[in-house]
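Comments concern the structure below.
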Amino acid sequence: MRELSIVEVEQVSGAGFIQDSMASVGGFLGKTFGDTGITVVKGIAGKFSPALGAGLDLLTSTGIVNGENVGHLAGYTAGAFVEGTFSSIGTSFKNKFNFWK
């Protein structure tokens, strides 16, 4: 096992904090607002594709898809996007200035 460089330590420290936080908030919001959003999406999907609407109805009736799961997944995805954006901004700045190496 090798020792991490300064750049690798900076990239790893706090890794996932934003993503985990946003996933928790999304899960909380999904649980708070219940299945209202899922009901709206099922209605819209049913108008465009009856098969898709029936598939979503089946998933919600089995309990696989609920407001908390959807909110958690949405928050997790948004957090990954935010972390990726911050990471790329930081890396591009560090590559431009020599005094940060």
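At position 16 of the sequence shown the residue is numbered 16 (full-length UniProt numbering), and the sequence of numbers has no breaks. Think of the CB as a built atom: it goes at the ideal place given N, C-alpha and C, for glycine as much as any other residue. Remember, it's a predicted structure, so these values are computed and weren't measured experimentally.
Quick check: the Cα distance between residue i and residue j, rounded to an integer number of angstroms?
i: F86; j: M1; result: 28 Å
i: M22; j: Y76; result: 6 Å
i: F81; j: G37; result: 22 Å
i: A74; j: G26; result: 6 Å
i: G71; j: G55; result: 19 Å
i: F28; j: S5; result: 37 Å
i: E3; j: V40; result: 51 Å
i: P50; j: I89; result: 43 Å
i: V65; j: F17; result: 25 Å
i: I44; j: S24; result: 27 Å
i: K42; j: D57; result: 7 Å
Would you check if the distance between the CB atom of residue i and the CB atom of residue j is smaller than 8 Å?
i: G53; j: G46; result: yes
Considering only C-alpha positions, which residue in the set the options is nearest to residue i?
i: D20; options: I89, E83, S88; result: E83
i: T32; options: S88, P50, G67; result: G67
i: L59; options: G16, S24, A78, D35; result: D35
- Item | Residue ranges of each alpha helix (DSSP H) within the stretch 1-86, 4 or longer | 6-12, 17-33, 36-48, 50-62
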